Amino acid sequence: MDDEEKKLHDKINMIRMNFLRLVYRLGQSLDESAVAQVLYRLALAEGTRNSKTTRLFSLDTAFQTAKKLEEDGKEEIDFSCTILVIGRTGVGKSATINSIFGEDKVPTDAFQPATSMVRVITGIVDGVKLRVIDTPGLRPSVMEQRTNREFLSSVKKFMKKFPPDIIFYVDQMDTCSRDTNSLPLLESITSKLGTSIWFNVTVALTHASSAPPEGPSGSPLPYETLVSHRSQAVQNSIRQAAGDMRLMNQVVLVENHPSCRRNQRGHQVLPNGQSWQPRLLLLCYSSKILTEVNSLLRPQDPAITKLLFGGHRYRSVPVPFLLSSLLQSRSHPSLASADHEEAYFEMEEELPEADTDEEEYDQLPPFKPLGKSQIAKLRKEQRKAYFQEYDYRVKLFQKKQLKEELSQRREAEKPSGSCPRSRSDESDPENGDPPLFKSHFPTCYPHLHLMGISYYANKIIYLHVFDC
1 MDDEEKKLHD KINMIRMNFL RLVYRLGQSL DESAVAQVLY RLALAEGTRN
51 SKTTRLFSLD TAFQTAKKLE EDGKEEIDFS CTILVIGRTG VGKSATINSI
101 FGEDKVPTDA FQPATSMVRV ITGIVDGVKL RVIDTPGLRP SVMEQRTNRE
151 FLSSVKKFMK KFPPDIIFYV DQMDTCSRDT NSLPLLESIT SKLGTSIWFN
201 VTVALTHASS APPEGPSGSP LPYETLVSHR SQAVQNSIRQ AAGDMRLMNQ
251 VVLVENHPSC RRNQRGHQVL PNGQSWQPRL LLLCYSSKIL TEVNSLLRPQ
301 DPAITKLLFG GHRYRSVPVP FLLSSLLQSR SHPSLASADH EEAYFEMEEE
351 LPEADTDEEE YDQLPPFKPL GKSQIAKLRK EQRKAYFQEY DYRVKLFQKK
401 QLKEELSQRR EAEKPSGSCP RSRSDESDPE NGDPPLFKSH FPTCYPHLHL
451 MGISYYANKI IYLHVFDC
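Take the sequence shown: its letters are residues 1 to 468, numbered as in full-length UniProt numbering.
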């Protein structure tokens, strides 16, 4: 091991020890997926520079050392984290900031926007210095995107002064509609802050303890189904606004209501039994740690390029996105179909009656979106007509997508008696496979189509071993 490798080894060991101490402070275990992911990345970064070194590293021993250092309290951790909070107005961004710090740092208001300008809030949470950039709530209406762009220009200046380690896009869990107006807002974020911002975004859904709505059978939906549906809706909107269908933003649940039940450590507990504050802080610290690790590596290093990309330079689906798609749990087809039909008829009611019967998206005349300078030259009446036409086309396009999804789902549900029975359709009593591969079995996807490429997969036995 030369001097450069030894220096890298020492830095990674220091980063690993600080991270284990933070994990212990948050009351998390080494089995937590985010913890395992960071530790894996640390080992990977160390191994790419010195593959011949035998690392007899005991994680349990290191965790015990970190625990002892925390209990002694002699050595402080030199660690800080910068968080940017952004999202639609009225979703609980300021309340979430207060919950993170455990005190009222910013005012909140249930009836009108409480934040009118970008500001920086600092404080100490469990010995870690946090810097949170609070932003004004963004407006969902197409007519108010000019105001959003002004807010986002101010946000961009603060981001240059205080580069965030992680960005939280905040939305609500109990928004039952498809939220068709979120797309202009997300597109404004993309145009002002750049597409790359979404690679550092984690979705935070507030009101996570809200009662689930009724399903098609009249009984409340399971909590996991509600979380999955809402998470996928927000993720799909972000992918569409960013123009990258490979994005797989992580989702964290948040509940700021004072009457929410708490555990012995005083943390608020969600209906699924998880404590959301430690998990949110763990994601923040993990993002900062991974940024520090990446700064130690040189992207042009041949060993790293070969390890991460296999030495190839062709366009392919990223492994995290591919595995996340394979392991994505899906609702039962009948339940999803009922939800799609309900959303389709809701959207049909919003559109003018004459247009829904005759005019379809593909039959509309060509429409060229105008730039900001062109819109500024329009008269007030012309500008209003332009935005109304734009909003109408967006709704009609979403209706077309819903219609296609319903058609495909109904076609898939039809019995296919004439099709020959394939080997994948046979049940395996020994391994406990289901008799047929259905979309609601997340561990059995024999065929997946992504970005024009077909993939085939076998049975997954250990879900936790994948790096996704």
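Even glycine gets a Cβ: it sits at the ideal position worked out from N, Cα and C.
None of the values given here were measured: they were computed from a predicted structure.
Assign residue i to one of three DSSP states: helix, strand, or coil.
i, result
"Asn18", "helix"
"Thr135", "coil"
"Ala376", "helix"
"Gln268", "strand"
"Lys384", "helix"
"Arg119", "strand"
"Leu26", "coil"
"Arg149", "helix"
"Lys288", "helix"
"Leu281", "helix"
"Arg262", "strand"
"Leu130", "strand"
"Ser141", "coil"
"Gly310", "Confidence is the limiting factor: at Gly310 the pLDDT is only 43, short of 50, which leaves the residue's position unreliable, though a coordinate-based value still follows. Coil."
Give the straight-line distance between the Cα atoms of residue i and residue j, rounded to the nearest whole angstrom.
i, j, result
"Leu42", "Gly215", "44 Å"
"Asn263", "Phe397", "46 Å"
"Val35", "Pro107", "33 Å"
"Arg149", "Pro369", "17 Å"
"His257", "Ser407", "41 Å"
"Gln240", "Leu183", "8 Å"
"Asp10", "Leu281", "25 Å"
"Gln232", "Pro271", "19 Å"
"Asn18", "Val203", "26 Å"
"Lys93", "Asp171", "9 Å"
"Ile197", "Lys384", "30 Å"
"Asn236", "Gly87", "16 Å"
"Asp78", "Ile167", "22 Å"
"Glu4", "Ser188", "44 Å"
"Ile238", "Gly73", "43 Å"
"Tyr169", "Val201", "6 Å"
"Thr96", "Gly90", "12 Å"
"Leu138", "Phe387", "18 Å"
"Pro222", "Val293", "39 Å"
"Ala354", "Tyr40", "Note that Ala354 has pLDDT 40, beneath the 50 cutoff, so the model's placement of it is unreliable and no number is given."
"Leu123", "Cys284", "The sequence given here places Gly at residue 123; Leu does not occur at that position. About 15 Å."
"Val142", "Phe158", "25 Å"
"Ile12", "Glu224", "37 Å"
"Asp109", "Glu103", "16 Å"
"Glu76", "Ala242", "40 Å"
"Arg246", "Leu26", "31 Å"
"Lys7", "Ser295", "14 Å"
"Lys372", "Lys380", "14 Å"
"Gln145", "Leu30", "44 Å"
"His267", "Asp60", "26 Å"
"Val394", "Lys105", "39 Å"
"Phe367", "Lys403", "22 Å"
"Leu226", "Asp2", "54 Å"
"Gln401", "Asp362", "12 Å"
Tell me, to the nearest whole angstrom, how far the beta carbon of residue i is from that of residue j; I am working on the premise that it is less than 8 Å.
i, j, result
"Gln277", "Ser99", "7 Å"
"Asp244", "Thr195", "7 Å"
"Val254", "Thr175", "Rounded, the Cβ-Cβ distance is 14 Å, inconsistent with contact."
"Val155", "Val120", "The pair is not a contact, with the Cβ atoms about 11 Å apart (cut-off 8 Å)."
"Arg261", "Val269", "5 Å"
"Ala208", "Pro220", "Not confirmed; about 15 Å, so no contact."
"Val38", "Ser286", "5 Å"
"Pro140", "Leu185", "5 Å"
"Ala62", "Arg16", "7 Å"
"Arg230", "Met173", "5 Å"
"Leu193", "Leu152", "6 Å"
Ordered list of beta strand (DSSP E) runs contained in the segment 161-223, each at least 3 residues: Counting only runs of 3 or more residues that sit fully inside the segment 161-223, the beta strand (DSSP E) segments are 166-172, 201-206, in chain order.
Entirely enclosed beta strand (DSSP E) segments - the segment 224-253, minimum 3 residues: Runs of the beta strand (DSSP E) inside the segment 224-253: 251-253.
Stretch pair the segment 122-137 + the segment 373-392: three plus CB contacts closer than 8 Å: Below 8 Å, too few C-beta pairs join the segment 122-137 and the segment 373-392 to call them touching: fewer than three.
Within the segment 37-114, ranges of the alpha helix (DSSP H) (whole runs, at least 4 residues): If we require 4 residues or more, the alpha helix (DSSP H) runs fully inside the segment 37-114 come out as 59-72, 93-101.
Any 3 or more C-beta pairs closer than 8 Å across the segment 62-70 and the segment 21-39: Touching, yes.
The segment 154-164 in contact with the segment 76-89 per 3-pair CB rule at 8 Å: The segment 154-164 is in contact with the segment 76-89.
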